[in-house]
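Accompanying notes for the structure given below.
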Amino acid sequence: MIGRWWRRRAVSVSWESACQRAARGAAHLDRVDPGWYRRVDVARLELADSALCVLGQRYGTFFLGLSRAGLLNLSSAPLGNRSPVDYGFLCVQDVDETLQARDYALLNQAWRVEIYRRLRRDGLAAQHRAQFTGATHEREPNPAAHE
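The sequence shown lines up with residues 646 to 792 when you count with our numbering.
The following block contains the structure:
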């Protein structure tokens, strides 16, 4: 059952898909943990690393973050429609490593966009960059280059 939940359905690897998934995950965190984005160092953000991913930076580890964010209840069956892949917290599964690496790269960028969008909304983008030494906003990838 966990395996089906983890990779519930095929997800395409594209800039558009990464943006949609990161937006879905960010909106979920907005509901369950307002202000989560203030505690994520975008310069160190790396979705492939369980300590440096969004959930890892916010909650300590990826798996603890799944539980604290309400995406996984360890006392019962996984929540039916909340796959970490669908919410942009995990790369696509059951594909080769090259495609997974590409998905993580796109997700890293998409999450940076979501975080900076929220920081700008709060008027905190410049302050956040200064707080995390060396933080820079990387350019959004050219969607045509990833098709």
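Idealized CB from N, CA, C, for every residue including glycine. Just so you know, these numbers come straight off a predicted model, no measurement behind them.
Short of 6 Å from the beta carbon of G670, and not among the five residues preceding or following it, lie these beta carbons of its own chain, in chain order: Y732, G733 and F734. By alpha-carbon distance to Q754, the top candidate from G768, V687, L744 and A672 is V687.
Here DSSP, grouped into helix, strand and coil, assigns C736 to coil. The C-beta distance from D678 to A714 rounds to 7 Å, short enough to meet the 8 Å contact threshold. Annotation for L716: no alpha helix (DSSP H) segment contains it, and DSSP assigns it neither H nor E. Between Y682 and I760 the beta-carbon gap is near 5 Å, inside 8 Å, which marks them as a contact.
If you check the CB distance, L752 and C736 come in under 8 Å. Within the same chain, V699, Q702, R703 and I760 come within 7 Å of V685 by CB-CB distance, once the 5 residues on both sides are set aside.
Of all alpha-carbon atoms in R666, V656 and G680, the one lying nearest the alpha-carbon of R765 is that of G680.
Within a 10 Å sphere around the beta-carbon of G768 sit fewer than 16 other beta-carbons, which makes this residue exposed. One alpha carbon belongs to S662, the other to T706, and they sit about 24 Å apart. Between Q745 and the set R762, W756 and A693, the nearest pair of CA atoms involves A693. The alpha-carbon of V730 is positioned some 14 Å away from that of A750.
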